[in-house]
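Data block below; observations after.
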Amino acid sequence: MIRKVLSVGPLQCNCVILADEATREAVVVDPGDDADRILMALAADRLRVAAILHTHAHIDHMGATAKLAQATGAPTYLHADDSLLHHLMPQQARMIGLANPEPVRIDRALGDGDVIKFGSHSMSVLHTPGHSPGSVSFVVDGERLCLSGDTLFDGGVGRTDLWGGDSAALANSIRARLYGLAGDVEVIPGARSRNHHRPRAPHQPVRARMPASAGMTTAEIARFCVIPAHEGVAKVVCVRSGRAQVVVEPARGA
Ligand SMILES: [Zn+2]
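Our numbering puts the first residue of the sequence shown at 35, with every later residue one more than the last.
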């Protein structure tokens with residue numbers, strides 16, 4: 035499977051491209067910004083986009099969706115519980131001082147248990163509310179890989195003080211859904227590590243810092259053991275065992 039992680043936009047959203055090597059069919063998850071860079075990354079491997087997916091409807095995860103959808107003709111997906119957040123995009127832009135984004139049309143609703151296919155690969159949708167009502171995680175079947183969106187961060191969990199955030203729901207999503215994944219699972223969280231520039235010995239884990247509002251214990255959060263990818267943009271967390279794995283995808287043209 036082809037896997038690329040591009041850190042896009044001022045908030046360094048992890049935009050993830052997954053594709054089937056044989057059919058070149060791809061999915062793009064969270065095209066937050068830098069549409070041209072995402073299109074270049076797709077063109078470099080002659081990938082055809084089958085679906086544009088969102089882990090949730092925060093502006094830093096949807097900023098390039100309209101342009102990418104126009105350029106590729108691919109359908110766009112979002113969980114219905116984030117519809118209001120999606121419609122509040124202009125307010126989100128004002129809140130963090132970004133230009134008003136082009137309106138994004140959502141073609142299909144994501145639901146818990148849905149399976150998204152691309153070539154011979156597939157991934158399942160887990161509804162993991164808390165960071166936002168319609169937050170989802172994608173679990174790639176057979177790859178032991180999870181794209182968690184902002185449910186998990188490098189060294190912590192997603193904030194719950196934004197509109198629709200719910201700390202009890204977030205803790206429940208992590209405990210009941212993500213801990214429930216069998217065995218070790220690599221997790222690509224929703225944003226580039228805030229700690230990536232900090233020099234650290236290889237394989238030295240970053241100790242998690244817990245946002246007090248999440249209601250989870252330090253020991254629980256410490257199960258997310260993070261190692262920064264030195265020159266790359268992907269940050270990978272390993273759930274459960276504490277053994278971390280690193281995926282490095284150098285930023286193209288950066
Ligand atoms: Zn978010």
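Cβ coordinates follow ideal geometry from the N, Cα and C atoms, glycine included.
Per-residue burial, residue i [other beta carbons within 10 Å of its own, 16 or more giving buried]
i    : result
Y111 : buried
S171 : buried
K269 : At K269, the pLDDT of 37 sits below 50, so the modelled position is not reliable and the matter cannot be decided from this model.
P137 : exposed
H121 : exposed
A235 : Residue placement at A235 is flagged as unreliable, the pLDDT there being 37, under the threshold of 50; a coordinate-derived value is accordingly withheld.
R211 : buried
Q46  : buried
P167 : buried
A123 : Sequence check: residue 123 is Met here, not Ala. Classification for M123: buried.
R128 : exposed
Whole-angstrom C-beta distance between residue j and residue i, which should lie under 8 angstroms
i    : j    : result
G66  : M35  : With a Cβ gap of about 22 angstroms, G66 and M35 do not count as contacting.
H161 : T185 : Not confirmed; about 10 angstroms, so no contact.
G198 : L144 : With a Cβ gap of about 16 angstroms, G198 and L144 do not count as contacting.
A56  : G176 : Contact doesn't hold; Cβ gap of about 15 angstroms is too wide.
V39  : I222 : 6 angstroms
H90  : G147 : About 18 angstroms separates the two Cβ atoms, so there is no contact after all.
Nonlocal neighbours in the same chain, by C-beta distance under 6 angstroms from residue i, ignoring five residues either side
i    : result
H155 : M35 and D54
A69  : A98, K101 and L102
V174 : M157
Close Cβ partners of residue i (< 8 angstroms) along its chain, the five nearest in sequence each way excluded
i    : result
R80  : R58
D200 : P163, G164, P167 and T194
Contact set for residue i: own chain, Cβ-Cβ below 7 angstroms, skip 5 residues either direction
i   : result
R82 : R58, E59 and A60
Check: In chain order, which continuous runs of the alpha helix (DSSP H) of length 4 or greater are located wholly inside the region 119-170?
Finding: Along the region 119-170, the alpha helix (DSSP H) occurs as fully enclosed runs of 4 or more residues at 123-130, listed in sequence order.
- Segments assigned alpha helix (DSSP H), at least 4 residues, entirely inside the region 56-119: 69-78 and 99-106
Margin query: Threshold first: 4 residues or longer. Then list the alpha helix (DSSP H) segments lying entirely within the region 197-221, N to C.
Written below: 201-206
| Hey, which residues come within less than 5 angstroms of ligand 1, measuring from Cβ to any heavy atom, in chain order? | H92 and D184
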